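Numbering (our numbering), first residue to last: 1296 to 1912.
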């Protein structure tokens, strides 16, 4: 059985489920190269079907996440047109719209006299289905829609290692199908919704996004920067800011509970007036405090009402790893699973799971969904692609090209000497976190590599930390994790062991001493595991610094061409592209030239491309 899951909102994504197992998943941004690209993910669908050697006629069901969809151009305009976004979020009301009634605005927009701006441009049901039928040639009887938050819940529960066991399933985001939060119980393959919170009165996700905008950053993308900044806020700045913010927004207990604005008026203006005179780091710290306390109170109430010692989390609010750390520390939480990259991109996977259950019910098959496993679900980098790129780009004529006999040992040697190595190997990761296959690696014990990486490629804000990948066998040496929680996807923060912190100091938040760690099992990525093991043999350190292989503000590298473009953009980083054949030995839709482009736009002095090591000096 083949189910194609599709999410068309923020960071549009496609996922392929085969016989209960997620076997492919990729976001449209990786192919269009437009960060968080929205709309029907045509290129991602094509890439996955090609990689898995599937034809559209083999698809039993296309599962769409969400009961409605919006126009791609409108969604991308909100995310990428700064002036339009400021109007949308209520920062700069458009003079042409002021004084007009709703009917006049709609008529004016229809005839092009005024911009519709706030009016979300919805696709009709016919238009939405038409994008699928025109592309795949399937009838509408093979397309189904599923509620937005049900998709989040399905991904979180059915994707969890404890799937099937009784669990409390929580979802929380900005808004989806009119809701911002749900609480469900899971057992077997059944999810039962217990409570749902409408987003009309407010949402914690929208609140945090508006604070992001208030601090001069990009809502819908830079919330992680607010979280990183929050740790720097002293109590003398954080507490007054939290009090001020809480005067306009707070968690309200009830049935259902609400995340609500306490005053009427334009919400951005309410925040602005409440925080006038507050320090910028205090505002970040206050917002983070409200988010954490609200989620802890809400989750505790849901546990009291509906039970469950296993907690599964989905929805974009749970991208906040500090909040996840707080939830993990609650006494009643025995086990915790946060779905990887749990924003709207994860709904393609949730929809695929739900579509699978629906087909099983219709056909009488016994459902056996498999938990989400290693996140390496995108296109591979085929050796034939790399050979073609080397010839087409004349890399042998412009650089020194050699063939290391043992690539993992070569990478480890570069890391020991404080080299910075970009690794592009095997299948691309799903989601926002690089997990070793599209990563920049460095010696985690060397503080100097932080500035080096930022100068070469990342250009991160000074307060933003990097993260470690830690071998599972060494996790207890570096991470304080009393419940032994798994962290294969970098969705949790951990306090670090002060006695060994110096060994991973470059991958630890410099102010609060936490680490957003990936705990790596050998079976999940043997090649990457060998790199770290070789580094450990030379240094005694069972971890490396790991950050995503991309330029600041751009999507993660997908193909060989992307990686080489990043490599060649600047000078100073060593890059490794280590390849295996794709599933069927054929080139992927996303060409090797993408990786080459990344190589050429970065500061990489070395790029290991398959069996070739390419050096600029």
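Even glycine gets a Cβ: it sits at the ideal position worked out from N, Cα and C. Every value quoted in this text rests on a predicted model; they were computed, and no experiment measured them.
Beta-carbon within less than 7 Å of residue i's beta-carbon, same chain only, minus the 5 sequence neighbours each way: which residues are those?
i            : result
residue 1814 : 1765, 1767, 1770, 1781, 1782 and 1783
residue 1707 : 1826, 1829, 1830 and 1833
residue 1373 : 1379, 1380 and 1383
residue 1399 : Residue confidence for residue 1399 is low, a pLDDT of 47 falling below 50, so the modelled location carries little weight; the figure read from the coordinates is stated next. Excluding positions up to five away in sequence, the list is empty.
residue 1446 : 1360, 1642, 1645, 1646 and 1649
residue 1817 : 1824
Using a Cβ-Cβ cut-off of 6 Å (strictly less than) and excluding sequence neighbours within five positions of residue i, which residues of its own chain qualify?
i            : result
residue 1453 : 1648 and 1664
residue 1316 : 1665
residue 1427 : 1357 and 1438
residue 1917 : Absent from the model: residue 1917. The displayed extent of the chain is 1296 to 1912, so no value can be given.
residue 1507 : 1514, 1517, 1518 and 1521
residue 1591 : 1621
residue 1385 : 1561 and 1563
residue 1565 : 1543 and 1558
residue 1842 : 1735 and 1761
residue 1700 : none
Report the partner residues of residue i according to the DSSP bridge assignment.
i            : result
residue 1554 : 1546
residue 1907 : 1904
residue 1417 : 1365
residue 1660 : Paired residue(s): none; residue 1660 is not in a bridge.
residue 1350 : Note: residue 1350 sits in no beta bridge, so no partner.
residue 1763 : 1840
residue 1671 : 1724
residue 1632 : 1607
residue 1264 : Past the edges of the chain, shown from 1296 to 1912, lies residue 1264, and the structure says nothing about it.
residue 1320 : 1310
residue 1815 : 1766
residue 1456 : Paired residue(s): none; residue 1456 is not in a bridge.
residue 1790 : 1809
residue 1438 : 1357
residue 1302 : 1308
residue 1471 : 1474
residue 1463 : 1480 and 1606
Exposed or buried, which one is residue i when buried takes at least 16 other CB atoms within 10 Å?
i            : result
residue 1571 : exposed
residue 1378 : exposed
residue 1635 : buried
residue 1485 : exposed
residue 1757 : exposed
residue 1703 : buried
residue 1907 : buried
residue 1369 : buried
residue 1609 : buried
residue 1435 : exposed
residue 1429 : exposed
residue 1698 : exposed
residue 1742 : exposed
residue 1593 : buried
residue 1639 : buried
residue 1895 : buried
residue 1763 : buried
residue 1658 : exposed
residue 1617 : buried
residue 1744 : buried
residue 1797 : exposed
residue 1511 : exposed
Is residue i a contact residue of the ligand ADP, with contact defined as CB to any heavy atom under 6 Å?
i            : result
residue 1523 : This structure does not include the ligand ADP; it has no bound ligands of any sort.
Could you check how far apart the C-beta atoms of residue i and residue j are, in whole angstroms? I think they sit under 8 Å.
i            : j            : result
residue 1811 : residue 1788 : 5 Å
residue 1537 : residue 1496 : Actually they are not in contact, since the Cβ atoms of residue 1537 and residue 1496 sit about 20 Å apart, beyond 8 Å.
residue 1533 : residue 1581 : 5 Å
residue 1526 : residue 1806 : 5 Å
residue 1321 : residue 1667 : Their Cβ separation, rounded to whole angstroms, is 15 Å, which puts residue 1321 and residue 1667 out of contact at 8 Å.
residue 1754 : residue 1823 : Incorrect: roughly 25 Å between the Cβ atoms, too far for contact.
residue 1461 : residue 1482 : 5 Å
Leaving out five residues before and five after residue i in sequence, what residues of the same chain have Cβ atoms less than 8 Å from its Cβ?
i            : result
residue 1550 : 1490
residue 1311 : 1297, 1298, 1299, 1300, 1317, 1318, 1319, 1320, 1343, 1344, 1347, 1349 and 1647
residue 1749 : 1755
residue 1912 : 1695 and 1900
residue 1480 : 1461, 1462, 1463, 1464, 1486, 1487, 1489, 1601, 1602 and 1603
residue 1619 : 1608, 1613, 1631, 1633, 1786, 1787 and 1788
residue 1691 : 1685
Using 7 Å as the limit for Cβ to Cβ distance, is residue i near chain C?
i            : result
residue 1579 : Checking the listed chains, one finds no chain C in this structure; it contains a single protein chain.
Legend entry - Validate contact between the segment 1824-1838 and the segment 1730-1743 using beta carbons, cut 8 Å, 3 pairs: The answer is yes - the segment 1730-1743 touches the segment 1824-1838, with three or more Cβ pairs under 8 Å.
Inset, instruction - Count the C-beta pairs between the segment 1640-1654 and the segment 1443-1460 that are closer than 8 Å, then say yes if the count reaches three, no if not. - result: Touching, yes, given that three or more Cβ pairs across the two stretches are closer than 8 Å.
Inset, instruction - For the segment 1457-1471 and the segment 1677-1685, state whether three or more C-beta atom pairs, one from each stretch, are separated by less than 8 Å. - result: Contact fails: fewer than three Cβ-Cβ distances are below 8 Å.
Inset, instruction - Inspect the CB distances between the segment 1302-1310 and the segment 1318-1337 and report whether three or more fall short of 8 Å. - result: Touching, yes.
Legend entry - Validate contact between the segment 1790-1808 and the segment 1714-1733 using beta carbons, cut 8 Å, 3 pairs: Cβ pair count under 8 Å is below three, so no.
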